[in-house]
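Worksheet: the structure to be examined is printed underneath.
Chains as they are written, first to last, in my numbering: chain A, 1 to 414; chain B, 1 to 414.
Here it is, written out as structure tokens:
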């Protein structure tokens, strides 16, 4: 009977992709006519590019999910002879978080919301998901790594193999949601990158779910992984269509709407699927990009308004973009960060004189610029491919950590 | 303990009103700067009016509801010693429908969606609410009026006092949702009318809930009425603030966002509160407006692009707007409609000659123009007040029908 639900899900996902294709084509002229477009700053031509097209695919996704939801419950009610209320709760809370994320993203695209409003909204809208997690009586226990226990017992204390961190676990999940919704939005700016990275992460999680379905026999564990697959397949098909329009050279822009939608979808499947720690492994480039960005985000180092790579119209390539400022503007902590990063090769640094004063030129602190530091000016399409390749490699690394390294660190690995 | 939840709800509702006030003031310049404004066609001045400001209050409402939801469950878990899954389902499904309605409205304001997309979305997004209704094992039985039973028994058949109409009941509820989300949107166009009518309806429903709480002792019936109150109070306070900005002379426009949000909120409380038939009584002016509009909506009578009342800048008043067309454009069915309506005084009709051909001039088929037919040109502020007064009278009528007339028609009235 599971076959029935997954077949329905696959068919609806394909339908979602098809409808997305048609609607994007239909709404491209409408967006432009209504003035919802941007200009591609890494192109010679100045043609208007409709934005945010992510709202169309997101709306299709929601509709597909609304149509899909009754099917697994037909199956469960049939096999379990009882309607599974808490599974229904999981589905509904996931839809709420995703829908509010789409609304937030779309409002941000249209109104340029303030940062404090943008951080508050996903935090609160994820409350239902966390409540459902609580109501399901889900575990807030983490397994303690062997090495930590060895250290503790070496110090003369006893420690159990697992530790219930309770409320802290909810704080962690809340942070997962805020991190996911924002990290894709920050790691963005060149054609195809937002959708591309989301596709790689979503496919990796789906692969992980399939592996777990083969490995584990426990019906609850299997349900968690099915739940994730049900939410991800329509996401993947609709995103694939959008990627086709957004890849270099972009015919549409996806907007913050897409980034929030994608981030929230990935976050809720991770939480409701009970594999949030594993899911974080697939966000290594995003996490690195966030950490690498902090010196500029927290203004230890001056931050220009835009940190996109610099376009050279003569060669049709993109290269590093720079932050240039007087050396005296840098406080001591900022100096340390710059010295350390440039010493280990993770920062381009150049001193120069301007009007008799000492100035400094640094590449902007994003992974995009960091990659450009190594591969020099390249065509934008090539850059996207390189970054997506990096994402694929980090997914492979994540699988290695999850399934091989974890055995060394822990006694039990689910 | 119910006191605890309702106190929290009241406090959060007040907070919601306060935050709405601050945010509307904060976002008015942002809307204008980003080009999201309209011009008031019934004013001498051509100042830009920010639109759709409804999205701000709707977002505040959602946030207030997210914060509120845990409280009743604290209470219920405490008193019932068990977490009430199906009550949580009701809350979540309501939030989903409301959130998707807001998203739809906002997208419509921004993108001018096509009609077929606008009808499909609320229908599908209300599926979770209907599923929850089904899962709760709620009744799909209607009580048969005495008179119908008398007729049937007169014909020699037996008929029970109640009839299970099953699937038809779900069709009815789906229609309630589509009707509510669209009827406010259609009965709109002058300062303060959208918010004003929603406030009258929401207050009437709240009053109905309070009356029922006094009359009924059954805990489930009481829960239904509390549920409705919990969703309506924050709606009323945030809408009141918005009304203050939107009333004549309007400083903000509320947009389709507000109309869809208001309509869906009223529809879901009616369904999940199990009083959808009573709730429909509070929509009498909207229903009449819809029925009265049908000749133009279905193009039996030519329909101009805008049917707003006509502004006279010399006297600063609004009067009827007209549809003018050649008499030959009217088919036979259209002719009947025009003849009947103008005979019973519900339509202004004037014949005139133009270039030797017979033309006809009719007021546009909306309740706004119909009222103007009787009260002649008036100031816009006065017109809104008249229409809202009409709404209040129809609410009084609704209470009379519900609590007095129903006794005559039915044996049992809850």
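Heads up, the beta-carbon is just placed ideally off N, CA and C, and yes, glycines get one too.
Using a cut-off of 9 Å between C-beta atoms, extract the partners of residue i located in chain A.
i                      : result
residue 128 of chain B : 66, 69, 88, 91, 92 and 95
residue 124 of chain B : 62, 63, 66 and 67
residue 4 of chain B   : Within chain A, no residue comes near residue 4 of chain B; the closest Cβ sits about 18 Å away, beyond 9 Å.
By Cβ distance below 7 Å, which residues in the same chain neighbour residue i in space, the five residues on each side in sequence not counted?
i                      : result
residue 69 of chain B  : 91
residue 352 of chain B : 359 and 361
residue 357 of chain B : 326
residue 276 of chain A : 173, 176 and 270
residue 341 of chain B : 347
residue 40 of chain B  : 49 and 250
residue 16 of chain A  : 60, 61, 64, 234, 237 and 238
Quick one: list the residues of chain A neighbouring residue i, beta-carbon separation under 8 Å, in chain order.
i                      : result
residue 107 of chain B : 55, 59 and 106
residue 131 of chain B : 69, 70, 73 and 88
residue 30 of chain B  : 111 and 112
To the nearest angstrom, how far is the alpha carbon of residue i from that of residue j?
i                      : j                      : result
residue 216 of chain B : residue 139 of chain B : 18 Å
residue 289 of chain A : residue 181 of chain A : 14 Å
residue 404 of chain A : residue 94 of chain A  : 31 Å
residue 134 of chain B : residue 194 of chain A : 40 Å
residue 100 of chain A : residue 383 of chain B : 37 Å
residue 115 of chain A : residue 286 of chain A : 19 Å
residue 48 of chain A  : residue 346 of chain A : 35 Å
residue 188 of chain B : residue 178 of chain B : 17 Å
residue 83 of chain A  : residue 73 of chain A  : 7 Å
residue 67 of chain A  : residue 229 of chain B : 30 Å
residue 88 of chain A  : residue 298 of chain A : 41 Å
residue 381 of chain A : residue 246 of chain A : 11 Å
residue 225 of chain B : residue 121 of chain B : 27 Å
residue 79 of chain A  : residue 6 of chain A   : 15 Å
residue 159 of chain B : residue 213 of chain B : 32 Å
residue 161 of chain B : residue 151 of chain B : 13 Å
residue 31 of chain A  : residue 256 of chain A : 16 Å
residue 344 of chain A : residue 291 of chain A : 16 Å
residue 26 of chain B  : residue 208 of chain A : 45 Å
Find the nearest neighbour of residue i within the set the options, judged by alpha-carbon distance.
i                      : options                       : result
residue 156 of chain B : B/162, B/163 and B/148        : B/148
residue 254 of chain A : A/8, A/20 and A/2             : A/20
residue 60 of chain A  : A/333, A/261, A/225 and A/224 : A/261
residue 192 of chain A : A/171, A/49, A/229 and A/243  : A/243
residue 268 of chain A : A/130, A/246 and A/30         : A/130
residue 248 of chain A : A/4, A/9, A/328 and A/42      : A/42
residue 312 of chain A : A/30, A/377 and A/250         : A/377
residue 75 of chain B  : B/126, B/34, B/113 and B/3    : B/3
residue 10 of chain A  : A/221, A/58, A/213 and A/231  : A/231
residue 143 of chain B : B/164, B/29, B/291 and B/112  : B/164
residue 33 of chain B  : B/39, B/210 and B/50          : B/50
residue 251 of chain B : B/29, B/132 and B/375         : B/29
residue 314 of chain A : A/293, A/190, A/379 and A/81  : A/379
residue 259 of chain B : B/186, B/234, B/337 and B/292 : B/186
residue 141 of chain B : B/274, B/375 and B/316        : B/274
Mind pulling the chain B residues with CB within less than 8 Å of residue i?
i                      : result
residue 34 of chain A  : 110, 111 and 112
residue 27 of chain A  : 111
residue 135 of chain A : 83, 85 and 88
residue 121 of chain A : 59 and 63
What residues of chain B sit near residue i, judged by a beta carbon separation below 7 Å?
i                      : result
residue 100 of chain A : 62 and 99
residue 409 of chain A : Within chain B, no residue comes near residue 409 of chain A; the closest Cβ sits about 35 Å away, beyond 7 Å.
Taking 6 Å as the limit between beta carbons, can you name the residues of its chain near residue i, skipping five residues before and five after?
i                      : result
residue 263 of chain B : 180, 181 and 184
residue 128 of chain A : 93 and 96
residue 44 of chain A  : 313
Can you list, in chain order, the residues of its chain with a C-beta nearer than 8 Å to that of residue i? Leave out the 5 residues immediately preceding and following it.
i                      : result
residue 334 of chain A : 295, 300 and 301
residue 394 of chain B : 282, 284 and 285
residue 371 of chain B : 383, 386, 387 and 390
residue 236 of chain B : 13, 199, 202, 203 and 206
residue 318 of chain A : 42, 190, 309, 310, 311, 312, 372, 377, 378, 379, 380 and 383
Please list, in chain order, the chain A residues whose beta carbon lies closer than 7 Å to that of residue i.
i                      : result
residue 227 of chain B : Under the 7 Å cutoff, chain A gives no residues; its nearest Cβ is about 16 Å from residue 227 of chain B.
residue 193 of chain B : Simply none; closest approach about 25 Å.
residue 347 of chain B : Under the 7 Å cutoff, chain A gives no residues; its nearest Cβ is about 36 Å from residue 347 of chain B.
Check whether the segment 361-368 of chain A and the segment 320-340 of chain A touch, using three or more Cβ-Cβ pairs below 8 Å as the test. yes
Contact between the segment 93-106 of chain B and the segment 48-67 of chain B (3+ Cβ pairs under 8 Å): They touch, by the three-pair rule.
Kindly confirm or deny that the segment 389-404 of chain A and the segment 273-284 of chain A touch, where touching means at least three C-beta pairs closer than 8 Å. Yes, the segment 389-404 of chain A touches the segment 273-284 of chain A.
Taking contact to mean 3 or more Cβ pairs, one atom from each stretch, closer than 8 Å, check whether the segment 197-204 of chain B and the segment 167-177 of chain B are in contact. no
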